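Residue numbers (this note's numbering): 11 to 102.
Quick look at the structure:
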């Protein structure tokens with residue numbers, strides 16, 4: 011069975027669809043079957059994307075990318091700093 015990957019927008023849309031189904035009185039397993047995901051996936055998505063709107067999710071992804079880029083820069087600078095300290099030490 012191949013693994014499906016959903017975009018953030020698709021996840022939020024499916025969560026909203028499930029909320030409507032549940033509000034109509036259906037149970038969570040039935041809502042999950044209708045949107046085409048497992049219960050575990052539904053609860054995981056709800057924990058991560060539960061209260062997000064579409065524009066907030068886009069901003070969240072953009073901040074995650076920027077955070078990754080900044081972490082890489084810090085790691086590179088830390089490595090450069092360690093190399094310079096090692097070179098400045100006269101006892102090698």
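Ideal Cβ positions, reconstructed from N, Cα and C, are used throughout, including at glycine. Here the structure is a predicted model, which means the values were calculated and not measured.
Assigned exposure category for residue i - 16 Cβ within 10 Å defines buried
i, result
"residue 82", "exposed"
"residue 25", "buried"
"residue 41", "buried"
Whether residue i touches residue j by CB criterion (8 Å)
i, j, result
"residue 7", "residue 38", "The first residue shown for the chain is 11 and the last is 102, placing residue 7 beyond what the model contains."
"residue 18", "residue 71", "yes"
Spatial distance of residue i from residue j (CA atoms)
i, j, result
"residue 44", "residue 64", "22 Å"
"residue 60", "residue 23", "11 Å"
"residue 79", "residue 73", "10 Å"
"residue 66", "residue 98", "47 Å"
Other residues of its chain near residue i: CB distance less than 8 Å, five sequence neighbours each side excluded
i, result
"residue 56", "25"
"residue 49", "38, 39 and 42"
Close-in-space but distant-in-sequence residues of the same chain around residue i (CB under 6 Å, 5 per side omitted)
i, result
"residue 21", "55 and 59"
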